[in-house]
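Asker: In the working numbering, the protein residues as written are 13 to 279.
No residue lacks a Cβ here, since even glycine has one placed at the ideal position from N, Cα and C.
Below are the structure tokens for one structure; questions will follow.
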Amino acid sequence: MPSRSRSELAALFDGTWRPDYGPPGPDADPDVVSLARGIYECQTCRPPYRVLADGEEHRVDGHPRFDTLAISVVDDRTVRQVGRRDGLITFEATTSISADGDTRTETWTAANLVDGLIVPVTAPMVGPPDVPKRSVQFGSSATRVGPRPADAHLVSGTWKVVALDLLNHDEDTVYRFDGDALRMTDKLGRSFDAALDGTEAPYHGDPRFTGVSLEVIDERTIEERNLRDGVVVQATRWRVDPDGRTMHVRFDDLHGHVMEQTGHKVI
13 MPSRSRSELA ALFDGTWRPD YGPPGPDADP DVVSLARGIY ECQTCRPPYR VLADGEEHRV
73 DGHPRFDTLA ISVVDDRTVR QVGRRDGLIT FEATTSISAD GDTRTETWTA ANLVDGLIVP
133 VTAPMVGPPD VPKRSVQFGS SATRVGPRPA DAHLVSGTWK VVALDLLNHD EDTVYRFDGD
193 ALRMTDKLGR SFDAALDGTE APYHGDPRFT GVSLEVIDER TIEERNLRDG VVVQATRWRV
253 DPDGRTMHVR FDDLHGHVME QTGHKVI
């Protein structure tokens, strides 16, 4: 690649980037949940489920993140959920309702699929046993869009999500060009230092990947190929707008699942 283009790439990519977790669009269906007579029901979850809210583990079939779920009523405005798969905790969530009963705040833990297993995401993701790890959490705020159901816990009702984000911005990613190589680090402990000629380099800090290769697609786009034991398992394209402030990302797991995301430069 001509040196001028390399300099332009460096000017665009160098810095700290933060993904934008915007709320669902205006046409998205709201959340519908019910907690009444000791039974918690999530009608809009995929798949829907219905379990006793007695703090004990109950079987949930078909859910991608857990096969048992324990739901505890903390008080008249707070509900706690703990999901497990094969006995291991893979999901934790807390739902709180405002004093006026019309705003819902939720936090829940992130997870990845690794070798067919749901693995909770921690910061750092991997590391020595003596390095403290904390769960990566999402947070959301929702407003009530329907009447409060009678004789039910305040968590019950129809809710429209209006805000969504990572609580500690754990996916903030730093890119730095160093000669002919691009260095990536993030708050999850992931990193690589790879040339832009497609050669494989080690990928550190993510149990899903062992290697990475990079290719320049054009003056504003880089493709990252994540490998596991020499086999490409994910392809990601990072494209920066001409203003150098907005990044568009396309994640492809090579099995028909594609996710697109937008981020912005914070430093």
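Taking only three categories from DSSP, how would you classify ALA65?
Answerer: coil
Asker: Quick check: what's the CA-CA separation for LEU129 versus ALA122?
Answerer: 14 Å
Asker: Using the beta-carbon count (16 or more within 10 Å), is ASP39 buried or exposed?
Answerer: exposed
Asker: With DSSP as the reference, identify every bridge partner of PHE263, one or two as the case may be.
Answerer: THR248 and MET271
Asker: Buried or exposed: VAL278, going by 16 or more other Cβ atoms within 10 Å of its Cβ?
Answerer: That one is exposed.
Asker: Can you name, in chain order, every residue of its own chain whose Cβ lies under 8 Å from the Cβ of VAL72, other than the five neighbours on each side?
Answerer: TYR61, VAL63, PHE78, ASP79, THR80, LEU81 and GLY95
Asker: Ordered along the chain, which non-local residues of its own chain (more than five positions away) have a Cβ less than 7 Å from that of SER203?
Answerer: MET196, THR197, HIS216 and GLY217
Asker: Who does SER84 pair with in a DSSP beta bridge?
Answerer: ARG92
Asker: Is it true that the stretch 256–266 meets the stretch 222–231, where meeting means three or more beta-carbon pairs spaced less than 8 Å apart?
Answerer: no
Asker: What does DSSP give as the partner residue(s) for LYS172 in the beta ladder?
Answerer: THR155
Asker: Please list, in chain order, all residues of the same chain as THR28 whose beta carbon is under 6 Å from its beta carbon, the five residues on each side excluded.
Answerer: ASP184, VAL186, VAL278 and ILE279
Asker: Hey, could you find the ends of the beta strand (DSSP E) CYS54 is sitting in?
Answerer: 51–54
Asker: Rounded to whole angstroms, what is the Cα-Cα separation between ARG257 and LEU24?
Answerer: Distance between ARG257 and LEU24, taken at the CA atoms: about 8 Å.
Asker: To which residues of the same chain is ARG240 closer than 8 Å at the C-beta, ignoring the five residues directly before and after it?
Answerer: ARG220, PHE221, THR222 and GLY223
Asker: When the Cα atoms are used, what is the spatial distance from ASP88 to SER108?
Answerer: Straight-line measurement puts the Cα of SER108 at about 9 Å from the Cα of ASP88.
Asker: In three-state terms, what does DSSP make of LEU194?
Answerer: strand
Asker: Can the beta-carbon of SER153 be found less than 8 Å from the beta-carbon of ALA175?
Answerer: yes
Asker: Give me the DSSP bridge partner(s) of VAL228.
Answerer: When beta bridges are read from the DSSP output, VAL228 appears opposite ILE234.
Asker: By Cβ distance below 7 Å, which residues in the same chain neighbour LYS172 in space, the five residues on each side in sequence not counted?
Answerer: PRO42, ALA154, THR155 and VAL157
Asker: Where ALA247 and GLY50 are concerned, what is the direct C-alpha to C-alpha distance, given to the nearest angstrom?
Answerer: Between ALA247 and GLY50, the C-alpha separation is close to 46 Å.
Asker: What is the rounded straight-line gap between the Cα of VAL252 and the Cα of GLU272?
Answerer: 14 Å
Asker: Nearest by alpha-carbon distance to ASN180: which of GLY201, PHE150, THR170 and PRO159 is it?
Answerer: PHE150
Asker: Leaving aside the five residues before and after ARG97 along the sequence, list all residues of the same chain whose C-beta is less than 6 Å from its C-beta, in chain order.
Answerer: PHE78, ASP79 and ILE130
Asker: For ARG188, which option in HIS75, ASP205 and ASP182 has the closest C-alpha, if you only look at C-alpha atoms?
Answerer: ASP205
Asker: How many whole angstroms separate the CB atoms of THR119 and THR106, which I take to be in contact at a CB cut-off of 8 Å?
Answerer: 5 Å
Asker: List the residues that DSSP assigns as beta-bridge partners of PHE3.
Answerer: Since the first residue of the chain shown is 13 and the last is 279, residue 3 is not available in this structure.
Asker: On a Cα-Cα basis, can you pick out the residue from ALA207, LEU178, ASP230 and ASP182 that is closest to ASP192?
Answerer: ALA207
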